[in-house]
Structures are given as C-alpha cells and as structure tokens.
Amino acid sequence: MFKLSEKYMVARFKLEKAVYLDILEVIRGSMRAFIKAEGKIPESVIDPMEEQWIELINRNFQEIYIQTHEKVNKYLNFYNVLPDKLSSDEFKYIYFIGMTVADKLKEEGMVDHARYHLKAILRLLDYRLKDPYDAYRPQLSLRIQKTIDNHKINEHFGEFGWYLLYKCLFNAAQEKSISHKKDE
Amino acid sequence: MNPEIVKWAMETSSKAKIIPRFPDECAQEASITAVYAQQETDMESLSNHLDMEYLANIKAGKHLLAF
Numbered sequence: 107m108f109k110l111s112e113k114y115m116v117a118r119f120k121l122e123k124a125v126y127l128d129i130l131e132v133i134r135g136s137m138r139a140f141i142k143a144e145g146k147i148p149e150s151v152i153d154p155m156e157e158q159w160i161e162l163i164n165r166n167f168q169e170i171y172i173q174t175h176e177k178v179n180k181y182l183n184f185y186n187v188l189p190d191k192l193s194s195d196e197f198k199y200i201y202f203i204g205m206t207v208a209d210k211l212k213e214e215g216m217v218d219h220a221r222y223h224l225k226a227i228l229r230l231l232d233y234r235l236k237d238p239y240d241a242y243r244p245q246l247s248l249r250i251q252k253t254i255d256n257h258k259i260n261e262h263f264g265e266f267g268w269y270l271l272y273k274c275l276f277n278a279a280q281e282k283s284i285s286h287k288k289d290e
Numbered sequence: 011m012n013p014e015i016v017k018w019a020m021e022t023s024s025k026a027k028i029i030p031r032f033p034d035e036c037a038q039e040a041s042i043t044a045v046y047a048q049q050e051t052d053m054e055s056l057s058n059h060l061d062m063e064y065l066a067n068i069k070a071g072k073h074l075l076a077f
C-alpha cells in the first residue's frame with residue numbers, strides 16, 4: 107500500500123543548473139531557425155521576438171525554474187515513478203522546461219512566440235527519437251506540428267500526454283535495440 | 011532544414027542574454043534554498059543519467075539538420 111509518510115515515497119527532484127541553461131539556449135537558437143525557415147515573419151522582427159522571449163524568461167526565471175520542478179515532481183509522484191527510477195533524462199529536461207516556458211508565454215498572450223517555442227521542443231524530442239535508435243515518426247511529428255499551429259497542444263495532450271508518447275516510443279526503441287544486440 | 015539557416019541561427023543570436031536567477035542563489039529565497047539543499051544531499055548525481063553526446067549534438071544544432 108502506498109504510504110505518503112514513507113521517506114522515499116515523495117518525489118524530490120533537482121534539475122542540474124548547467125543543463126537547464128543549456129536547454130534554454132538550444133531552444134533559443136532553434137526558435138530563430140524555425141522563424142526564419144518558415145519565412146512568415148520579417149527578418150527585422152526576429153531579433154525583437156527573441157529578445158521578448160528572453161525578457162519573459164529573465165523576468166520570471168525563478169518562477170519558471172520552480173514550476174519546472176513542480177511539474178516534474180507532480181509527474182513522478184502521480185505516476186509513482188519512485189523510488190528506484192528517479193532518473194533525470196533529456197526528455198524530462200526538454201519537455202518540462204519547454205512546457206513551463208510555453209505556459210508562461212501563453213499566459214502573457216505571446217502566442218506566436220509560444221508556437222515557435224513549441225516547434226523547437228518538438229524538434230528536440232524528434233531528434234531524441236531519431237538518434238541513436240531511428241525511432242523518429244514523421245507523420246506523428248507532422249500531426250503534432252498541426253496541433254501546435256492550432257494552439258491545441260494542451261487540449262489534445264493534457265499535462266503529460268506528449269511526454270509519455272515520446273518517452274514510450276524511445277523506451278520501446280531502446281528495448282528493441284538491446285534485444286537485437288542480445289540475439290546477435 | 012537548410013544548413014545555411016541553421017548556421018545563421020547559431021551564429022547571429024541577438025545580444026540579449028538569459029540571466030539565471032536560481033532560487034538557491036538569492037538571499038530572499040532562503041526557505042527554498044533549504045528545501046533544495048535537502049534534496050541534493052539525498053540524491054545521486056543526476057548527470058549520470060544524461061546522454062552527454064545528445065546534449066553536445068543539440069548544442070551544435072544537429073537536431074535541426076537531421077531531418
């Protein structure tokens with residue numbers, strides 16, 4: 107039976123600061139690339155958009171940092187991903203940092219910023235599937251892009267659906283790879 | 011994605027900087043400091059679970075060029 111009072115039955119999760127900042131910087135560069143590649147926004151507006159994204163993060167840094175932890179802890183506690191699997195992986199960093207910032211952008215009405223921000227998150231998760239297990243699903247990615255374009259990501263996936271979907275695809279590909287290696 | 015765009019995105023970032031203000035580095039957040047300090051002592055090094063090659067690749071923009 108699950109007992110809340112047991113020492114290790116409540117998630118206490120800590121994201122590494124250096125990795126946290128690295129992920130934010132990668133999202134920043136990726137957003138620039140997506141905005142330019144799409145070609146719908148004049149080039150002269152790309153720098154101001156990026157600066158507005160940074161300003162929002164700087165103004166709310168502590169709140170975003172704390173809320174990221176709260177989201178991860180909620181996920182770990184709710185699904186009882188404890189105590190022996192308290193692992194920190196790239197998916198958690200990308201997804202939970204990404205969604206926390208996206209929520210803040212939407213809260214302040216910055217929906218265009220949020221759209222490119224979420225596409226940057228999607229590409230990071232897609233690449234995690236692609237390398238090294240070649241488990242990237244182009245049709246799935248296109249459908250999620252459509253969901254992002256229509257501002258429906260939370261409505262369609264809820265709090266953790268997108269994370270669970272990608273994480274399960276990755277785990278399945280990883281297990282398949284390990285099993286193939288054993289057979290060889 | 012066009013490699014030229016990726017190169018441009020990686021090299022021409024605006025001058026604005028992300029200024030981290032972690033709760034445990036701010037004096038006014040003493041209570042949060044205590045909580046996170048407690049967390050760290052109870053946990054193994056989390057970096058052991060991270061794929062450092064993946065992190066290096068995304069920092070180099072490979073996630074944009076791979077599709």
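Line by line, the protein sequences give chains A and B. Here the first sequence stands for residues 107 to 290, where the numbers follow this note's numbering. Here the second sequence stands for residues 11 to 77, where the numbers follow this note's numbering. Virtual Cβ for every residue (Gly too), placed ideally from N, Cα, C.
Cutoff 8 Å; reference residue i; Cβ partners in own chain excluding five residues on either side
i: valine 178 (chain A); result: Ala117, Phe119, Leu121, Lys198, Phe202
i: histidine 175 (chain A); result: Phe119, Lys120, Leu121
i: leucine 228 (chain A); result: Ser247, Ile250, Gln251, Ile254
i: glutamate 149 (chain A); result: Lys142
i: lysine 258 (chain A); result: none
Which of helix, strand or coil DSSP assigns to residue i
i: serine 24 (chain B); result: coil
i: tyrosine 185 (chain A); result: coil
i: lysine 77 (chain B); result: Rather than lysine, the amino acid found at residue 77 (chain B) in this sequence is phenylalanine. Phenylalanine 77 (chain B): coil per DSSP, three-state reduction.
i: arginine 243 (chain A); result: coil
i: arginine 31 (chain B); result: coil
i: methionine 216 (chain A); result: coil
i: asparagine 256 (chain A); result: coil
i: lysine 123 (chain A); result: helix
i: methionine 11 (chain B); result: coil
i: alanine 70 (chain B); result: coil
i: leucine 235 (chain A); result: helix
i: proline 148 (chain A); result: coil
i: alanine 266 (chain A); result: According to the sequence displayed, residue 266 (chain A) carries phenylalanine and not alanine. Here phenylalanine 266 (chain A) sits in coil by DSSP.
i: aspartate 61 (chain B); result: coil
i: aspartate 209 (chain A); result: helix
Buried versus exposed, by CB contacts within 10 Å (16 or more), residue i
i: leucine 235 (chain A); result: buried
i: glycine 204 (chain A); result: buried
i: serine 285 (chain A); result: exposed
i: alanine 44 (chain B); result: With a pLDDT of 40 at alanine 44 (chain B), under the threshold of 50, the modelled position of that residue is not reliable, and the figure given next carries that caveat. Exposed, since its Cβ has fewer than 16 Cβ neighbours within 10 Å.
i: phenylalanine 140 (chain A); result: buried
i: valine 16 (chain B); result: buried
i: methionine 62 (chain B); result: exposed
i: glycine 215 (chain A); result: exposed
i: valine 151 (chain A); result: exposed
i: lysine 225 (chain A); result: buried
i: glycine 135 (chain A); result: buried
i: histidine 219 (chain A); result: buried
i: glutamate 144 (chain A); result: exposed
7 Å Cβ shell around residue i - same chain, five flanking residues per side excluded
i: isoleucine 170 (chain A); result: Ile163, Thr206, Val207, Lys210
i: arginine 221 (chain A); result: Ile254, Asp255
i: isoleucine 172 (chain A); result: none
i: alanine 40 (chain B); result: In this prediction, alanine 40 (chain B) scores a pLDDT of 40, lower than 50, which makes its location untrustworthy; the coordinate-derived value is nonetheless stated afterwards. No residues qualify anywhere along the chain.
i: tyrosine 242 (chain A); result: Asp232, Leu235, Lys236
Supposed close pair residue i, residue j - CB separation, criterion 8 Å
i: leucine 60 (chain B); j: proline 13 (chain B); result: Not confirmed; about 27 Å, so no contact.
i: aspartate 128 (chain A); j: lysine 69 (chain B); result: 6 Å
Same chain only: Cβ atoms within 6 Å of residue i, ignoring 5 sequence neighbours per side
i: methionine 11 (chain B); result: Leu74
i: glutamine 158 (chain A); result: none
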